[in-house]
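Protein sequence lines, in the order shown, are assigned to chains A and B.
Just so we're aligned, residue 8 is where the first sequence starts under this note's numbering, counting upward by one.
Just so we're aligned, residue 8 is where the second sequence starts under this note's numbering, counting upward by one.
For reference, the structure is listed below as structure tokens.
Protein chains: 2
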Amino acid sequence: MVKTAKQMAPEFRKFREYLTQRAGVSPEHVEALLPSVSLKFCKKGEVILAQGAVGEYIYFVEQGLLRFYTIDDQGKEHILQFAPENWWISDRNNFNQNQPAEFFLDAQEDSWVVQLNQSFFLKASEMSKEFRAFHDQLLQRRIFQLYRRVYALIGTSARQRYEEFIKAYPDLIQRVPQWMIASYLGITPESLSRVRREVAGK
Amino acid sequence: MVKTAKQMAPEFRKFREYLTQRAGVSPEHVEALLPSVSLKFCKKGEVILAQGAVGEYIYFVEQGLLRFYTIDDQGKEHILQFAPENWWISDRNNFNQNQPAEFFLDAQEDSWVVQLNQSFFLKASEMSKEFRAFHDQLLQRRIFQLYRRVYALIGTSARQRYEEFIKAYPDLIQRVPQWMIASYLGITPESLSRVRREVAGK
DNA sequence: CGCGTGATTGAAACCCTTCAAGTTTAGTGG
DNA sequence: CCACTAAACTTGAAGGGTTTCAATCACGCG
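In structure tokens form, the structure reads like this:
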């Protein structure tokens, strides 16, 4: 139930851990940075950033699952990214240029997110060489991941993409409805259903 | 002719301009950084980085046009990115993790490229706050551009993708053969030919 | 229990690919 | 500068993968 989840506010547990363990930021630096970020609870289905809005945050997922997507002229959703725990997500164009957001961001599960604004990144980069290097690598890995996805879309079949997906994100197939995975893969739910039957019976 | 182009070595003209004008790096900082980069001439068709190789550079295109692509099991090329003048390109996974490159990089025209290694980026970030901020934005813009491309691939038709392409990169259609544009768009050369006829006669 | 959402299945249609042939264009050597 | 050749582009016909539309089934939740 929603209230329950909300009562158990995670108090930046994962975020703290992430910064120290993965990014290598010293605990002192982390504590110095925490005052300038805020924690937000998002109920399942809540739209965090809407296309056309001007937001000011990048989000880090403490708990739960976000969904980054767009809606085309025919009203069809196209999912660009899932963001489970320990992921960063935002409409980066919006964030950096104060342009209206091109994509939507909403909560696929009840979630806790850390909201980070420009000044957090400026301060963190100023303060910690480790953060700087880590953040740089984070962006580069995302670029790389996206090139792989582009290749999958231009170079492989729906079936191959599905098989890669379940290998890469085995947990997600438990957590999101099939039609969203189809959307992520760039096919219809019907096609995914057929692909799955084919894959199962081999 | 090759020799001629080589004789006219551009001596970091665009690179210098780029760092001062676009990245906002001070001329003194630029001059301090230049000794640690090198200029390389690439003959049309030359493979700069091959899949499986371990490279150490990120490239900035002074002059010419590079092509970033992969080759699938059936020997078919899939172009992930064109890099004309003033573009940065590399197999970033390879660069950062010293992993074997997953993609190929070659010269589509006789080109001059600036080779930048890890230490350049470390020094530049150390030295110039402007470079740091700019490089960060550069990566974020690339991420954004790639999300757009993913959307185009999962959400729009071959025809729409082609029309977007000529709007976004009008110069490239003059400079690369049609079959490469088809490859970039994720369709066959035959399909692109038909799409073009359709678009022309409307 | 009934309703809504998600998953499956079938049949027809569609977009794009494949394969094969023909045409145009561009590059090279004489 | 022409002739020759290879590469690129176009066109057609057939085939395949995926979509669309419609109907049915399964399930969780009030």
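All C-beta atoms in this analysis are idealised placements derived from N, C-alpha and C, irrespective of residue type, glycine included.
Item: For S118 of chain B, three-class secondary structure by DSSP; Value: strand
Item: Stretch pair the stretch 67-76 of chain A + the stretch 92-110 of chain A: three plus CB contacts closer than 8 Å; Value: yes
Item: Test item: CB-CB of K50 of chain A and D117 of chain A under 8 Å; Value: yes
Item: Contact test: P184 of chain A Cβ vs the ligand NAD heavy atom, cutoff 7 Å; Value: No copy of the ligand NAD appears in this structure; indeed no ligand is present at all.
Item: The stretch 18-31 of chain A: positions lying closer than 9 Å to chain B by Cβ; Value: none
Item: Close-in-space but distant-in-sequence residues of the same chain around T195 of chain A (CB under 8 Å, 5 per side omitted); Value: A189
Item: Reduced DSSP category for K21 of chain B - H, G, I as helix; E, B as strand; rest coil; Value: helix
Item: Run of the alpha helix (DSSP H) containing K130 of chain B, from where it starts to where it stops; Value: Q125 to M134
Item: Short CB-CB distance (under 8 Å) between Q144 of chain A and chain B; Value: yes
Item: The stretch 134-147 of chain B in contact with the stretch 166-185 of chain B per 3-pair CB rule at 8 Å; Value: no
Item: Runs of beta strand (DSSP E) wholly within the stretch 64-105 of chain A (minimum 3 residues, chain order); Value: 64-70, 72-78 and 84-91
Item: Amino acids of chain A, ordered along the chain, whose beta-carbon sits closer than 8 Å to that of L56 of chain B; Value: Near L56 of chain B there are no residues of chain A at all, since even the closest Cβ is about 14 Å away, more than 8 Å.
Item: Neighbour flag for Y176 of chain B against chain A, beta carbons, 8 Å; Value: no
Item: Which residues DSSP lists as bridging F111 of chain A, in chain order; Value: A:Y76
Item: Closest Cα partner of L192 of chain B within the set B:G31, B:Q88, B:A207 and B:L56; Value: B:Q88
Item: The beta strand (DSSP E) enclosing V54 of chain A, as first and last residue numbers; Value: V54 to L56
Item: is_contact[G59 of chain A, chain B] using C-beta, thresh 8 Å; Value: no
Item: Min CB distance D79 of chain A to chain B below 8 Å; Value: yes
Item: Local Cβ density within 10 Å of A108 of chain A, reported as buried at 16 or more and exposed below that; Value: buried
Item: Near-chain A residues of the stretch 149-162 of chain B - C-beta to any C-beta below 7 Å; Value: R149, I150, F151, L153, Y154, R156, V157, Y158, L160, I161 and G162
Item: CB-CB length for N103 of chain A against Q147 of chain B, believed under 8 Å; Value: 6 Å
Item: K47 of chain B, DSSP secondary structure in three states; Value: strand
Item: Contiguous alpha helix (DSSP H) assignments of at least 4 residues, all confined to the stretch 140-181 of chain B; Value: 165-175
Item: Minimum Cβ-Cβ distance from H85 of chain B to chain A less than 8 Å; Value: yes
Item: CB contact flag (L73 of chain A, A114 of chain A, <8 Å); Value: yes
Item: Classification of G52 of chain A by the beta-carbon crowding that lies within 10 angstroms, buried from 16 upward; Value: exposed
Item: Members of the stretch 166-195 of chain B near chain A, C-beta cut-off 7 Å; Value: G193
Item: Inter-residue Cα distance where the pair is N124 of chain A and R203 of chain A; Value: 41 Å
Item: Cutoff 6 Å; reference S200 of chain B; Cβ partners in own chain excluding five residues on either side; Value: none
Item: A16 of chain A burial status per 10 Å Cβ neighbour count (16 or more: buried); Value: exposed
Item: Partners in chain A for S132 of chain B, counting only beta-carbon separations shorter than 7 Å; Value: R139
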